[in-house]
Amino acid sequence: MDSFNDPLKDESIKLKIAIQKSGRLHDDSLRLLKECGIEISNGVNKLKSEASNFPMEVYFLRDDDIPQYVEDAVADIGFVGENIVYEKKKKVEVVEKLGFGKCRLAIAVNRHDEYSDRSFLNGKKIATSYPVLVQQFLDENNINAEIHEISGSVEIAPGIGLAEAICDLVSSGSTLFTNGLKEVETVLQSQAVLIKNYQLGHVQQYLLDKLLFRIRAVKKAKNNKYILLNAPNEKLTEIISLLPGMKSPTVLPLAIEGWSSVHSVLSENEFWEIIEKLKAAGAQGILVVPIEKMII
Ligand code: PRT
Ligand code: ZN
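In terms of my numbering, the sequence shown is residues 221 to 516.
Set out below in structure tokens:
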């Protein structure tokens, strides 16, 4: 990386990123960049914007268009749902899952249908905006069904007699429920991902690596909590054995004789279980604090 000057100092070089102009991924995309220390003015009525403190140019686009822009190198990278990436089949590389925009592409049928297995779908009409992914699912499962492509309001198709089944994105499930449908198959688990053009230049790759380093630190911090507790010294060995920590917990003496303060990091997954055990082992005054960035 010494064949060029520090790109952060060369104002003509920018990493071009495409994010959704408005919709479900817009706010979280800008929030993630902000958490990475990158300030961008809001782009609701703009097509393009620039970061004030990172060499980055932001394009605000419809999510469906983002893979094409990245394939064509109009944008170097993009934040977009996996559902769009795999449906559009553009030549882009998926680099990192971003942890927001989580949903699943699922097949649903009428709530009263007796659905015992996938063979139910044979000979049926399935309404969807995701014909490529649905066809792939049908082929993989040897199902012969007809795909009816529609661009929106997929969930009303069975009610108006357009199809016997639908395949659409689901998050809470309430849209299916209010339309008298039930979810029966998952075609794809999806979340927002960072995609990149396959032939990124050296400088762009260098800037992407910087961004990825920050994104990973933010994601790690979100999955972990900082914990502080007080413990009687005779219980320290047991309490320390319950705490994984990054290396090992920090133990500091308290002003009161015979007590110590213990500091450590816990992952979100094991959090509640370990807290219960810590209490049972004699820990007191447990404080749990969010971590902003975590670099290990
Ligand atoms: O204008 P543009 O084309 O950019 O936006 P859009 O209207 O096509 O997309 P948008 O903003 O609705 O969604 C953008 C991305 O968010 C999707 O491509 C997914 O990756 C992700 N995402 C996450 C979702 C959902 N959750 C979701 N629940 N996208 C859509 N939905 C819809 C779904 O289609 C259905 O109508 O929400 C409804 C179901 O939600 P529940 O909570 O009732 O199950
Ligand atoms: Zn869209």
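Ideal Cβ placement from N, Cα and C applies to all residues, glycine included.
Closest residue to residue i among the options (Cα-Cα distance)
| i | options | result |
| --- | --- | --- |
| Gly421 | Ser272, Arg282, Val294, Val278 | Val294 |
| Lys241 | Asp283, Ser261, Glu477 | Asp283 |
| Ser232 | Pro275, Ile239, Asp247 | Pro275 |
| Gln504 | Asp429, Gln425, Gly243, His483 | His483 |
| Lys430 | Gly257, Asn265, Pro473, Gly321 | Gly257 |
| Gly393 | Leu432, Glu316, Val329, Leu456 | Val329 |
| His332 | Asp296, Leu401, Gln424, Ser269 | Leu401 |
| Gly379 | Glu366, Ala347, Glu405 | Ala347 |
| Glu237 | Val509, Ile495, Val438, Ile260 | Checking the sequence, you will find Ile at residue 237 rather than Glu. With distances taken between Cα atoms, Ile237 lies closest to Ile260. |
| Glu405 | Ala385, Val413, Thr395, Pro287 | Ala385 |
| Phe491 | Val508, Thr470, Gly502 | Val508 |
| Glu496 | Gly381, Leu462, Ile511 | Leu462 |
| Ser481 | Leu341, Thr470, Pro464, Glu488 | Thr470 |
| Leu252 | Lys440, Leu267, Ile459, Glu488 | Lys440 |
| Lys317 | Glu488, Gly301, Phe397 | Gly301 |
| Ser391 | Glu458, Leu325, Tyr426 | Leu325 |
| Asn450 | Leu353, Lys254, Glu477, His368 | Glu477 |
| Gly319 | Phe280, Thr398, Ser249, Ile494 | Ser249 |
| Lys499 | Leu448, Lys467, Ile370, Leu474 | Leu448 |
| Leu414 | Gly298, Lys254, Val374 | Gly298 |
| Leu428 | Glu458, Glu313, Gly321 | Glu313 |
| Leu396 | Leu408, Gln411, Ile376, Leu382 | Ile376 |
| Val352 | Lys308, Gln288, Ile239 | Lys308 |
| Asn362 | Tyr350, Asn342, Ser349 | Asn342 |
| Lys416 | Lys268, Lys310, His246, Val315 | Val315 |
Where the alpha helix (DSSP H) containing residue i begins and where it ends
| i | result |
| --- | --- |
| Arg168 | No information on residue 168 is available, as it lies outside the stretch 221 to 516 that the chain covers here. |
| Ile495 | 491–500 |
| Ser461 | 456–462 |
| Pro287 | 286–291 |
Residue i beta carbon near the ligand GDP (any heavy atom closer than 7 Å)
| i | result |
| --- | --- |
| Val482 | By its list of ligands, the structure shown excludes the ligand GDP, since it contains just the ligand PRT and the ligand ZN. |
Within-8 Å CB hit, residue i to chain B
| i | result |
| --- | --- |
| Gly421 | In the displayed structure, chain B is absent; only one protein chain is listed. |
Distance cut-off 7 Å: residue i Cβ against heavy atoms of the ligand ZN
| i | result |
| --- | --- |
| Asp284 | yes |
beta-carbon residue i near the ligand PRT non-hydrogen atom, thresh 7 Å
| i | result |
| --- | --- |
| Gly321 | yes |
| Gly400 | no |
| Ile386 | no |
| Thr470 | no |
| Gln240 | yes |
| Thr406 | no |
| Arg244 | yes |
| Asn303 | yes |
| Val390 | yes |
| Thr457 | no |
| Thr395 | yes |
| Ser410 | yes |
Endpoints, the beta strand (DSSP E) within which residue i is located
| i | result |
| --- | --- |
| Ile415 | 412–417 |
| Pro510 | 504–510 |
| Pro452 | 444–452 |
| Ser485 | According to the sequence provided, residue 485 is Val. The question's Ser does not apply to it. Element bounds for Val485: 479–487. |
| Ser269 | 268–270 |
| Phe274 | Premise fails: Phe274 is in no beta strand (DSSP E) and is neither H nor E. |
| Pro473 | 470–473 |
| Ile260 | Unbroken run through Ile260: none, as it is neither H nor E. |
| Lys241 | It is not in any beta strand (DSSP E) - Lys241 carries neither H nor E in the DSSP assignment. |
| Ile297 | 297–301 |
Exercise for review: At 3 residues or longer, and completely inside the segment 308–361: list those beta strand (DSSP E) runs for me, N to C.
Suggested key: 312–317, 323–330, 345–348, all fully within the segment 308–361.
Review point. Where are the beta strand (DSSP E) runs, 3 residues long or more, that stay fully inside the segment 366–393, in chain order?
Key: Scanning the segment 366–393 for uninterrupted beta strand (DSSP E) segments of 3 residues or longer gives 366–369, 385–390, listed from N- to C-terminal end.
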